[in-house]
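S.K.:
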Amino acid sequence: MHERIHIDDYFLNMARLASLRGTCKRRQVGCILVDSNNHVVATGYNGVPKGFTHCLDEPCKGADAPSGTRLNECKAVHAEMNALLQLTSVDMLTAYVTVTPCFDCAKVLANSNVTRIIAPVWYPQEDIVSILAEAKIEVIIREVTEWTSLNS
Numbered sequence: 199m200h201e202r203i204h205i206d207d208y209f210l211n212m213a214r215l216a217s218l219r220g221t222c223k224r225r226q227v228g229c230i231l232v233d234s235n236n237h238v239v240a241t242g243y244n245g246v247p248k249g250f251t252h253c254l255d256e257p258c259k260g261a262d263a264p265s266g267t268r269l270n271e272c273k274a275v276h277a278e279m280n281a282l283l284q285l286t287s288v289d290m291l292t293a294y295v296t297v298t299p300c301f302d303c304a305k306v307l308a309n310s311n312v313t314r315i316i317a318p319v320w321y322p323q324e325d326i327v328s329i330l331a332e333a334k335i336e337v338i339i340r341e342v343t344e345w346t347s348l349n350s
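199 is the number of the first residue of the sequence shown in my numbering; add one for each residue after it.
(1) Would you say the segment 252 to 262 touches the segment 276 to 288, given that touching needs at least three Cβ pairs under 8 Å?
(2) In whole angstroms, what is the alpha-carbon distance linking residue 199 and residue 309?
(3) Return the chain-ordered list of same chain residues with a C-beta closer than 6 Å to the C-beta of residue 206, the five sequence neighbours on each side being excluded.
(4) What beta strand (DSSP E) runs, 3 residues minimum, are completely inside the segment 225 to 311?
(5) State the start and end residues of the unbroken alpha helix (DSSP H) segment that holds residue 338.
(6) Alpha carbon to alpha carbon, how far is residue 249 from residue 338? Give it in angstroms, no decimals.
(7) Alpha carbon to alpha carbon, what distance is there between residue 284 and residue 232?
(8) Tell me, please, whether the segment 323 to 334 touches the segment 342 to 349 by the rule of three or more beta-carbon pairs shorter than 8 Å.
(9) According to DSSP, simplified to helix, strand and coil, what is residue 331?
(10) According to DSSP, which residues form a beta bridge with residue 315?
(11) Decide if residue 264 is buried, meaning its Cβ has at least 16 other Cβ atoms within 10 Å, or exposed.
(12) Using 7 Å as the threshold, is the C-beta distance between residue 289 and residue 234 below it?
(13) By the 10 Å Cβ neighbour count, where 16 or more other Cβ atoms means buried, how is residue 334 classified, buried or exposed?
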């Protein structure tokens, strides 16, 4: 008998699928915000503001920088911020992201209704742990046991 996919794996797979819409040359990140009833309330992926030329077509100054560096040269709006811009729920939220937020996104999430973050890996930037802890946001690093194939 086939078991159902774990709920966290389900939402992390959705975040991974959302990341495929990202237009940042450096990294594709997806974010799914889920309320306490496990309903998706917003999605986001990283990319330049609406109306701008995508970095995939015309790379910005930060496009070739290593991950976690020169973020102020990158024009992309991060996935977490794009998801929060779409948000209409006031419920306590869980953010499922393909990588934990950067420092700037952690600050934005700290000022939101997000109480938990679930991701498979940490973002390589200092001070993320401390700001999320100070905001009392629980972070769960979850190795995904079942990634859905995207080549079906």
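Just so it is clear, CB atoms sit at the ideal spot from N, CA and C, and this is done for glycine as well.
Small disclaimer: the values here were computed from a predicted structure and weren't measured.
M.R.: Reading from the atomic positions:
(1) no
(2) Within the model, the alpha-carbon separation for residue 199 versus residue 309 is close to 44 Å.
(3) Cβ within range, chain order: 316 and 340.
(4) 228 to 233, 238 to 243 and 291 to 295
(5) Segment 336 to 339 is the beta strand (DSSP E) holding residue 338; no alpha helix (DSSP H) there.
(6) Using only the alpha carbons, I get a separation of about 35 Å.
(7) 12 Å
(8) no
(9) Helix.
(10) Under DSSP, residue 315 shares a beta bridge with 293 and 337.
(11) Under this definition residue 264 is an exposed residue.
(12) yes
(13) exposed
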